[in-house]
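K.L.:
Before I ask anything, let me first share the structure, which is written out below as structure tokens.
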Amino acid sequence: MTRILLVEDNEMNRDMLSRRLIRRGYDIVLAVDGEEGIATARAEHPDLILMDMSLPVIDGWEATRQLKAEPGTCAIPIIGLTAHSMAGDREKVLEAGCDDYDTKPVELPRLLQKIEALLGRDGPQQ
Amino acid sequence: MRVSQRLAGFVARVPAKLQKKLLGAFLVLVLMLIALEALGLQMLRGVNERTEALINVEHKIAAYREVQHEIVSQLYNESSALLTSDPSSVESALGRLKEFGHELDRLPPIAADEVELLTRARQDYDRFAAAVTHVIGLIREGKLDEARAAQAAEARPLADRLEQLTNQLLARAEASLGSEIEASRRSYDTAQGAVIAFTLCAILMALMLGSTISRSLIEPITEIEKSLSALAGGDFNQNVTVLNRDELGALADNINRTSEQLGALYHQVEAASQHKSTFLANMSHELRTPLNAVIGYSEMLYETAEEEGHDEYLPDLKKIRAAGRHLLELINDVLDLSKIEAGRMDLYFEEVDLETLIAEVRAIIGPLAEVNGNTLEIACPPGLGTFHTDRTKLKQSLLNLLSNATKFTHGGRVSLEIEATAGKLAFMIGDTGIGMSEEQLSRLFQAFSQADASTTRRYGGTGLGLTITKHFCEMLGGTITVDSVPGQGSTFTMSLPDQRAVAELVEEAVAVPEPVEDANGALVMVVDDDPHARRLLSATVRRAGCRVIEASDGPSALALARERHPDAITLDILMPRMDGWAVLAAFKSDSELCDIPVLVVTVLADRGIALSLGAAEFLTKPVDRGRLAALIKQHVRGRGVVLVVDDEEEARLLARRHLERLGCDVAEARDGVEAVEWLSDNPRPALILLDLAMPGMDGFGFLEALGEREAWRDIPVVILTAMHLGAVERELLSVRAREVVEKGADELEPVLQRLLTAKSGEAVAAGCEVGR
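Chains as they are written, first to last, in the numbering used here: chain A, -1 to 124; chain B, 22 to 793.
Now the structure itself:
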């Protein structure tokens, strides 16, 4: 089963997105801030990470940079999630090292497409 | 200088009103005039007294001469009486004797040392009279011999003594006449000297008073002017210190207070604006978080309901979701618009694969079109390849326009057509929908104004989409236009330049500067916070044959303008910190900068504001480059070009520095041949700076060539040479150089200044020895 790490500080968003993804057949691991996200990614080696960019402790930008700088985690595709697509967020997200990005609230079909595209490209699907 | 400064300071500190100070100064001047008058009158009286004394002496001399004359005639009368014994002549002699006595009495006032002489004369005269009376008595009695003896013994010696005495008196009087004349001349000289000295003193004092008073007024006014100018330029840390304790002092205090208040207000406004931005960002975040939940859970519920077959809930859940999405769109649009208007919307240019982009757009719009039973037709020529622009903003614009088209069309056709021309793409978004009237078209791109208020209710949407799209197009250097017929449909045409083509164009203009053109051109300052816009404008300006300096914000523009004094300025309005209106106002209130024509170049449409604030022209972005070039050419002030002809680069550089400081444009030539070529290809320069020793055609040769052409003959030439000029060279130069001045490089500027301000045709040439 494909394992996805969802790093999201907002409880409702976390609950909602994880439940919807589980319903679609993914195995979901949760983290509530950047620090925990990094630790979980190192420990669990998920197939993909959904990273909210505004996080407490360590924000999504920094967490992404750290994960992409580490040999152990740099191969894990990361989709950055931002509140709003305008004003260069997309560019900043990609510059920070994310492989793709999406805006919240997510449109699930679109997000699923992106997830599948990244998994098809970078990782073997289980 | 020091003294007058201190005096001015003293006057400034006097706690009296300006009117009183001025009246005081005039009073002092009036007093000086009165004193001058009094002195003059005094002098005149002295001169008058001297003249009277002179007349007195002259009278005296006349009287003495009369006395002498009388004595002689008395003796003569006696003698004739003795000879003829005629009683009548005897009687007449006696009569004369009485009259003679009166002559002496009638003498004018006499000096002390003359009194004694005169007393003696009187005594002698009395005796002489007695002797004469005695002689006459004897004659009457007929004793002629006795009378003759008495005449010889008494009257004649007395007459001799009297003559001596009067001679002495006469000599004295004449001597005093001389001294009186001398004294009179001296007193005139003294009077003249005194009047001149006093007048000079009065003039000096008047000048000093004038300069002190004016200085005590002008200095604070200058200070205040400087301060106000800085204040207008947005520097609120003004503290004018003036010594004055009059109205000017009060004015300075008020300016300081105003400055302080304005500064505080500005900080408040800035803080408020900052708060607003933060608030907006926070609020949008705070609004989005629960909205996310609403949308997300409604979608989840929808999915669950669908899976579990509760179809009756589906329409309501869909409505909740749609309302949530709409609210989200509104929030996003408001945030975008506020970012655009605050100048905080960044651009990110990249290679955009058009086919991918169109596919994405089709994927989003296709389902939307179907909702209203529309067909979506996309006509995209094959092999469009990539296009250099901001992907997000292009996509957003296309989505906005296409979703509008699907929204206002039912059972019709929505189309996207792409047309590629050199360096440009045109996107035409057409529909067969409800269309718009002229009146609706006029308000189309304004925020929160859909065609009419009912539209929002019927068709949804935020009413901000078109406003944002228009802003995006303009930020991308493009335009958007619309054609519409009510009831038949609308076509929006979005024309965007390929940013790479633009960049190449700029690179081209930057990479291939035409050196002579460049050095010749007027200096234009381009003020824009967006580096792309700046490069575009700069390229246009360079193509118009001008040199460019750039500034990215208001304060640096002001500083740069003060330093370089450009001939024209292009000014953007939407800039962070100090916006273009404030910059324009600052330029126009600065006495040094207010003459520079300012061309406002902006996405805004406030032509009226721009012109009323003193802008020379108003252009909306994207700029019609031909028009901008034409306007720049029209507005730059022709201060003239100076041609520097010298084979040494350093010398040319030195001359250029001097000339540019004087606000001239400089063209360079390395020898006579190049200079002649330049002259043939360019309009007449204001002045030529010429070196003498050069390879190829030297200075003398060039002067000859200059003389051969009628049109060039009267161009003023300054000879710049390190050579010591011999008589022969000077002779040669004097044909064209009427004035040879040998100077060091530091004194070149005054010569240039003089020649450049002289009318053309007054060809004066100066030979300057330039230190190399």
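Here a beta-carbon is modelled for each residue, glycine too, at the ideal position from N, C-alpha and C. Nothing here was measured: the structure is a model prediction, and the numbers come from that model.
1. Tell me, please, whether the region 367 to 377 of chain B touches the region 423 to 433 of chain B by the rule of three or more beta-carbon pairs shorter than 8 Å.
2. Distance, Cα to Cα, Ser418(B) vs Arg17(A)?
3. Quick one: which chain A residues come within Cβ less than 8 Å of Gly317(B)?
4. May I have the straight-line CA-CA distance separating Leu46(A) from Ile630(B), to the nearest angstrom?
5. Shortest alpha-carbon distance to Gly231(B) belongs to which of Val93(B), Ala29(B), Arg278(B) and Thr377(B)?
6. Let me confirm a value: Gly508(B) is counted as buried when at least 16 other C-beta atoms fall within 10 Å, else exposed. Which label applies?
7. For a test of the three-state rule: what should DSSP assign to Pro336(B), helix, strand or coil?
8. For Glu89(A), return the contacting residues in chain B, with the cut-off set at a CB-CB distance below 7 Å.
9. Listing by chain order, which chain A residues have their CB less than 7 Å from the CB of Glu320(B)?
10. Would you list, in chain order, the members of the region 285 to 317 of chain B that have their beta-carbon closer than 9 Å to a beta-carbon of chain A?
11. Are the CB atoms of Leu708(B) and Val666(B) within a distance shorter than 8 Å?
12. Flag this pair as yes or no: are the beta carbons of Leu186(B) and Ala142(B) separated by less than 8 Å?
13. Taking the alpha carbon of Arg646(B) as the reference point, which residue from Leu592(B), Lys339(B) and Thr561(B) has its own alpha carbon closest?
14. For the region 425 to 437 of chain B against the region 394 to 405 of chain B, are there 3 or more C-beta pairs whose distance is under 8 Å?
15. Is the region 47 to 64 of chain B touching the region 207 to 227 of chain B, taking contact as three or more C-beta pairs under 8 Å?
16. Would you call the CB atoms of Glu440(B) and Lys416(B) closer than 8 Å?
17. Taking contact to mean 3 or more Cβ pairs, one atom from each stretch, closer than 8 Å, check whether the region 699 to 707 of chain B and the region 662 to 680 of chain B are in contact.
18. Counting contacts by CB-CB distance shorter than 8 Å, is Lys38(B) in contact with chain A?
19. Listed from N- to C-terminal order along the chain, which residues in the region 718 to 750 of chain B have their beta-carbon within a distance smaller than 8 Å of any beta-carbon of chain A?
20. Pick from Ala37(A), Pro44(A), Met(-1)(A) and Ile113(A): whose alpha carbon is nearest that of Ile74(A)?
21. Closer than 7 Å by C-beta to Phe429(B): which residues in its own chain qualify, once you throw out the five before and the five after it? Chain order, please.
22. Please state whether the Cβ-Cβ distance between Val547(B) and Ser559(B) is less than 8 Å.
23. Going along the chain, which residues of its own chain have a beta-carbon closer than 6 Å to the beta-carbon of Arg555(B), five neighbours each way excluded?
24. Would you call the CB atoms of Leu308(B) and Ser280(B) closer than 8 Å?
25. Over the uninterrupted alpha helix (DSSP H) stretch that includes Ile113(A), give me the two end residues.
26. Pick from Gly158(B), Gly484(B), Met449(B) and Gly387(B): whose alpha carbon is nearest that of Arg464(B)?
27. Contact between the region 29 to 39 of chain A and the region 332 to 345 of chain B is defined here as three or more beta-carbon pairs at a separation below 8 Å; is this criterion met?
28. Is Thr413(B) close to chain A? Criterion is C-beta to C-beta, closer than 8 Å.
29. Would Ala589(B) and Pro552(B) qualify as a contact pair, given that the criterion is a beta-carbon distance under 8 Å?
30. Rounded to whole angstroms, what's the CA-CA distance from Gly78(A) to Leu117(A)? Just pull it up for me.
31. Taking C-beta to C-beta, are Thr512(B) and Asp504(B) nearer than 8 Å?
32. When the Cα of Pro800(B) is compared with those of Ser573(B), Thr591(B), Arg161(B) and Ser612(B), which residue comes out closest?
33. Once you ignore the five residues that flank Pro36(B) on each side, which residues in its own chain have a CB closer than 8 Å to its CB?
34. What are the residues that DSSP puts in a beta bridge with Val373(B)?
35. Should Ile20(A) go down as buried or exposed, given a rule of 16 or more other Cβ atoms within 10 Å for buried?
P.N.:
On the basis of the data shown:
1. Contact between the region 367 to 377 of chain B and the region 423 to 433 of chain B is absent, because fewer than three Cβ pairs lie under 8 Å.
2. For Ser418(B) and Arg17(A), the distance between alpha carbons rounds to 34 Å.
3. Met10, Asn11, Met14, Leu15, Arg18, Pro103 and Val104
4. 55 Å
5. Looking at the Cα atoms, Ala29(B) is the closest of the given residues.
6. With fewer than 16 Cβ atoms within 10 Å of its Cβ, Gly508(B) is classed as exposed.
7. In the structure shown, Pro336(B) sits in a helix (DSSP, three-state: H, G or I).
8. Tyr369
9. Chain A residues near Glu320(B): Leu106.
10. Ser305, His306, Arg309, Thr310, Pro311, Leu312, Asn313, Ala314, Val315, Ile316 and Gly317
11. no
12. yes
13. Thr561(B)
14. yes
15. yes
16. No.
17. These segments touch.
18. no
19. none
20. Pro44(A)
21. Asp452, Gly454, Ile455 and Tyr480
22. Going by C-beta atoms, Val547(B) is nearer than 8 Å to Ser559(B).
23. Val547, Asp549 and Glu571
24. no
25. Leu106 to Asp120
26. Gly484(B)
27. no
28. yes
29. No, these two residues do not count as a Cβ contact at 8 Å.
30. 15 Å
31. yes
32. Only positions 22 to 793 of chain B appear in the structure, and residue 800(B) is not among them; the question remains open.
33. Arg266 and Asp267
34. Phe408(B)
35. exposed
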